[in-house]
């Protein structure tokens with residue numbers, strides 16, 4: 065695995081390896097000194113063409129806990145806003161010696177373009193591209209669900225509700241959860257399901273109420289305000305009535321079922337405040353797990369690189385295991 | 444003027460014969476011709492076709508001379524076997540006045556590599572709001588007969604109706620870029636399973652088909668001539684087939700890239716494959732091939748669309764739509780239509796020369812290869828092949844989607860008015 069561009073690129077073994085590694089790394093966050101020397105001397109660039117403070121600080125924390133040098137490169141206040149191309153930006157980062165580029169971009173496929181051009185040699189991690197994918201979000205969702213559902217998602221029923229059409233989170237989750245053996249149901253109004261969804265490895269439904277009882281986890285997707293003016297649904301109220309998760313609907317879930325949301329939430333729209341803050345909600349935990357999962361991804365992509373070997377790479381690769389064993 | 448004796452050319456793929464070219468005219472056709480002082484061209488194994496006529500070329504001049512000029516576009520055309528191209532109107536300024544079309548026409552004449560027939564815009568500035576001065580362009584030195592807002596659709600039904608009616612006064616034709624604008628806002632690729640998977644906004648087939656259906660009915664209602672640009676879907680083929688069966692005066696074109704490439708290429712997110720209308724499915728490719736074979740689709744037109752590298756070396760959604768086509772069109776028609784047994788060389792000559800000239804009302808091109816006819820010819824070696832190298836082009840741009848592909852055939856010589864623009868595969 066050289067890059068992480070799509071959740072669909074991960075085999076079951078690779079996905080489980082990332083999740084298991086994240087499990088080990090989660091222990092680091094609980095220690096007083098939350099730092100490992102694994103990626104010391106490595107440079108990781110957070111290349112954010114689109115605002116996302118949440119995702120950026122999660123990747124930044126992950127890289128710093130692995131002792132990497134982190135460069136944050138955001139479109140605002142950089143040369144990108146003056147019209148510099150993705151290519152020139154990539155060449156600049158390459159010239160600076162980036163070992164990995166974490167890229168967030170409003171254009172679907174931008175990370176793919178970066179990874180398959182000759183513009184950069186480092187590993188490319190997709191931190192969300194347009195309406196395509198957000199694989200580390202799917203990994204942290206799977207990680208969180210796995211912890212609450214007995215350590216294995218095989219045969220579990222996971223219901224994803226909302227704007228599937230425009231959601232990179234839904235795409236990545238559908239692919240990854242299927243790889244991990246879960247049964248995925250996408251619930252949305254017909255206008256918010258993509259053409260061709262029949263070919264996805266999922267079931268679909270227009271009816272949220274019919275999809276609640278069997279669910280082991282319900283994942284609510286954010287509905288962007290701009291969708292309301294484009295005839296995807298008549299009004300926010302109607303959307304909320306038909307597809308929002310409120311207390312009445314939550315009470316019909318199985319006792320062990322959890323409620324998830326990738327954030328940021330529209331409270332009162334796709335999820336009511338009572339549900340967002342209830343005991344079933346693992347939304348805050350998702351954020352915590354995000355750092356561990358991103359540490360695992362960076363560790364496996366960058367720490368395992370054999371070319372251009374730094375002076376202490378092999379030593380720190382061993383360190384990660386001994387440190388964690390110490391922590392357990 | 445030099446006299447040329449072409450020895451042993453298979454006219455339209457028939458039996459080899461000799462062609463004597465003198466004073467811009469095919470003087471005689473027959474075996475064992477001799478002529479004192481003639482330059483002999485050995486055409487053993489070569490097919491002779493009438494010089495190709497493209498009804499759909501973007502030459503970018505005036506306005507984007509960094510991407511292509513009339514001169515470089517004409518050279519690329521000559522290398523592709525073309526002797527006449529129709530230059531689309533979406534330049535800057537738009538070719539919506541007699542002044543601009545005459546400028547483009549004059550640049551073509553000065554180039555001497557290819558006759559350039561300007562296409563006039565249907566509406567002022569391609570804005571789709573009011574008719575451009577179609578009559579003035581028709582009456583100009585450029586004698587415009589083809590009108591198109593190509594790149595944009597004349598989506599207003601009333602404006603389209605009026606345009607269709609108005610051009611009857613001078614035997615013009617409206618060449619429609621069929622794209623319902625509201626259904627394709629922000630569209631990036633063919634809408635289907637793949638667009639959903641790749642997260643790229645879909646360009647649904649219905650957006651093309653709905654406009655074609657409307658336009659053939661309008662053409663029938665007002666008794667006008669309609670030409671459908673770059674038809675790309677199975678549904679479009681079926682609508683045009685139905686329209687022709689009703690006797691509606693409609694013609695249609697397909698591009699070489701829609702005969703060969705499919706939307707699967709978009710998986711690479713490489714904008715070299717970004718084009719409008721988008722690459723469609725394998726089933727659509729099959730349908731347009733069948734449509735071209737049975738005559739539902741009348742012609743092949745390149746939609747040659749040069750773009751500078753920086754407009755392609757970027758993210759998919761930021762990239763420009765369009766691909767080069769002039770220098771590979773005949774090769775792709777051979778590969779997809781002739782080598783597959785769907786059509787023979789006489790039909791190639793019809794689809795790439797005779798009928799486009801007739802649709803464009805260009806009387807001196809698309810003529811038979813026969814005594815007394817204008818000497819616009821292409822000599823083509825169907826047994827040759829080449830691996831496409833983007834830098835090997837006369838175009839100023841490099842945006843060919845065929846880089847690294849092996850294509851059959853080679854244009855050996857092109858004659859314009861009895862003078863070689865290409866000989867031994869090289870520009871003269």
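Residue numbers (our numbering), protein chains in the order written: chain A, 65 to 392; chain B, 444 to 871.
Where is the CB? At the ideal position from N, CA and C, for every residue including glycine.
Using only CA atoms, which one of A:256, A:75, A:276 and A:317 lies nearest to residue 294 (chain A)? Comparing alpha-carbon positions, the option among A:256, A:75, A:276 and A:317 lying closest to residue 294 (chain A) turns out to be A:256.
Residue 649 (chain B) versus chain A: which residues are under 8 Å apart at the beta carbon? Those within 8 Å of residue 649 (chain B) in chain A number zero; the least Cβ separation is about 11 Å.
Does residue 198 (chain A) come within less than 8 Å of chain B when only Cβ atoms are used? By this cut-off, residue 198 (chain A) is not an interface position.
Nearest to residue 105 (chain A) by alpha carbon, out of A:344, A:266, A:128 and A:66? Comparing alpha carbon positions, the residue from A:344, A:266, A:128 and A:66 closest to residue 105 (chain A) is A:128.
Only counting the same chain, and skipping five residues up and downstream in sequence, which positions put a Cβ closer than 8 Å to that of residue 584 (chain B)? Closer than 8 Å at the Cβ level, and outside the excluded window around residue 584 (chain B), lie 545, 548 and 549.
DSSP-derived helix/strand/coil call for residue 764 (chain B): DSSP places residue 764 (chain B) in coil when its eight states are reduced to three.
Assess contact between the stretch 781-797 of chain B and the stretch 673-687 of chain B, defined as three or more Cβ pairs (one per stretch) separated by less than 8 Å. Is contact present? Counting C-beta pairs with one atom in each stretch, the stretch 781-797 of chain B and the stretch 673-687 of chain B have fewer than three that are closer than 8 Å, which means they do not touch.
For residue 67 (chain A), go through chain B and note every residue whose CB falls closer than 7 Å to its CB, in chain order. Near residue 67 (chain A) there are no residues of chain B at all, since even the closest Cβ is about 13 Å away, more than 7 Å.
Have a look at B:813, B:662, B:562 and B:481 and flag the residue whose alpha-carbon is nearest the alpha-carbon of residue 494 (chain B). Scanning B:813, B:662, B:562 and B:481 for the CA closest to the CA of residue 494 (chain B) turns up B:813.
What would DSSP say about residue 872 (chain B), mapped onto helix, strand or coil? Past the boundaries of the shown model lies residue 872 (chain B); chain B is included only from 444 to 871, so the question cannot be answered.
Where residue 264 (chain A) falls, given that 16 or more other Cβ within 10 Å makes a residue buried: Burial of residue 264 (chain A) is indicated by the presence of at least 16 other C-beta atoms within 10 angstroms of its C-beta.
So, residue 870 (chain B) versus residue 837 (chain B), is the Cβ gap smaller than 8 Å? Contact flag set, yes.
When B:710, B:672 and B:623 are compared against residue 648 (chain B), the one with the closest alpha-carbon: Shortest Cα-Cα distance from residue 648 (chain B) to any of B:710, B:672 and B:623 involves B:623.
Burial state of residue 320 (chain A) (16 or more Cβ within 10 Å): Looking at its Cβ environment, which holds fewer than 16 other Cβ atoms inside 10 Å, residue 320 (chain A) is exposed.
When DSSP labels each residue in this structure, what does residue 392 (chain A) get in the three-state scheme? Low confidence applies here, because residue 392 (chain A) scores a pLDDT of 33, under 50, leaving its location unreliable; read the following figure in that light. Residue state, collapsed to three classes: coil.
Of the residues A:148, A:126, A:75 and A:109, the one placed nearest residue 135 (chain A), counting alpha carbons only: Minimum Cα distance to residue 135 (chain A) is reached at A:109.
Per DSSP, what kind of secondary structure is residue 177 (chain A) in: helix, strand or coil? Of the three classes helix, strand and coil, the one that applies to residue 177 (chain A) here is helix, per DSSP.
Cross-chain neighbours of residue 712 (chain B) in chain A, by beta carbon under 7 Å: Residues of chain A passing the Cβ test: 173, 176 and 177.
So with Cβ pairs under 8 Å, would you call residue 143 (chain A) a contact of chain B? Model confidence at residue 143 (chain A) stands at a pLDDT of 49, short of 50, so the residue's coordinates are unreliable; what they give is reported in the following sentence. Cβ-Cβ to chain B under 8 Å: no for residue 143 (chain A).
From this set, A:357, A:254, A:232 and A:216, which residue's C-alpha is nearest residue 247 (chain A)'s C-alpha? When only C-alpha atoms are compared, the closest one is A:216.
Are the beta-carbon atoms belonging to residue 163 (chain A) and residue 351 (chain A) less than 8 Å from one another? Between residue 163 (chain A) and residue 351 (chain A), the C-beta gap is not smaller than 8 Å, which leaves the two residues out of contact.
Which residues, taken in chain order from the stretch 636-647 of chain B, show a beta carbon closer than 9 Å to some beta carbon of chain A? Taking 9 Å as the Cβ-Cβ cut-off against chain A, the residues of the stretch 636-647 of chain B that qualify are 636, 637, 638, 639, 640, 641, 642, 643, 644, 645 and 647.
Are the CB atoms of residue 222 (chain A) and residue 209 (chain A) nearer to each other than 8 Å? Note that the C-beta distance between residue 222 (chain A) and residue 209 (chain A) is below 8 Å.
C-alpha gap between residue 480 (chain B) and residue 446 (chain B), whole angstroms: When rounded, the distance between both Cα atoms is 7 Å.
Integer Cβ distance of residue 823 (chain B) from residue 498 (chain B), believed to fall under 8 Å: With a Cβ gap of about 20 Å, residue 823 (chain B) and residue 498 (chain B) do not count as contacting.
Is any beta-carbon of chain B found at less than 8 Å from that of residue 254 (chain A)? Judged by the 8 Å Cβ criterion, residue 254 (chain A) is not in contact with chain B.
Would the stretch 751-771 of chain B count as touching the stretch 858-867 of chain B if we require 3 or more Cβ pairs under 8 Å? In the pairwise beta carbon analysis, the stretch 751-771 of chain B is classified as not touching the stretch 858-867 of chain B: fewer than three pairs are separated by under 8 Å.
Please list the residues of the stretch 753-778 of chain B that have a C-beta atom closer than 7 Å to any C-beta atom in chain A, keeping them in chain order. Result list: 753, 756, 757, 758, 759, 760 and 761.
Three-state secondary structure (DSSP) at residue 293 (chain A)? Residue state, collapsed to three classes: helix.
Can you give me the start and stop residues for the alpha helix (DSSP H) that residue 558 (chain B) sits inside? Following the DSSP letters along the chain, one finds residue 558 (chain B) in no alpha helix (DSSP H) but inside the beta strand (DSSP E) bounded by residues 558-561.
Any chance you could list the alpha helix (DSSP H) runs of at least 4 consecutive residues sitting entirely within the stretch 245-313 of chain A, in chain order? Whole alpha helix (DSSP H) segments, 4+ residues: 300-307.
Can you list, in chain order, the residues of its chain whose CB lies under 6 Å from that of residue 739 (chain B), leaving out five sequence neighbours each side? Within the same chain, residue 739 (chain B) has close Cβ partners 680, 683 and 684.
Listed in chain order, which residues of the stretch 605-634 of chain B have Cβ atoms closer than 7 Å to some Cβ of chain A? Here the close residues are 634.
Under 8 Å between C-beta atoms of residue 468 (chain B) and residue 751 (chain B): Cβ distance not < 8 Å, so residue 468 (chain B) and residue 751 (chain B) don't count as in contact.
Classify residue 670 (chain B) as buried or exposed, calling it buried when 16 or more other Cβ atoms lie within 10 Å of its own Cβ. Here residue 670 (chain B) is buried: its Cβ has 16 or more other Cβ atoms, across all protein chains shown, within 10 Å.
Helix, strand or coil for residue 122 (chain A)? Go by DSSP, reduced to three states. DSSP places residue 122 (chain A) within a helical segment (H, G or I) once states are collapsed to three.
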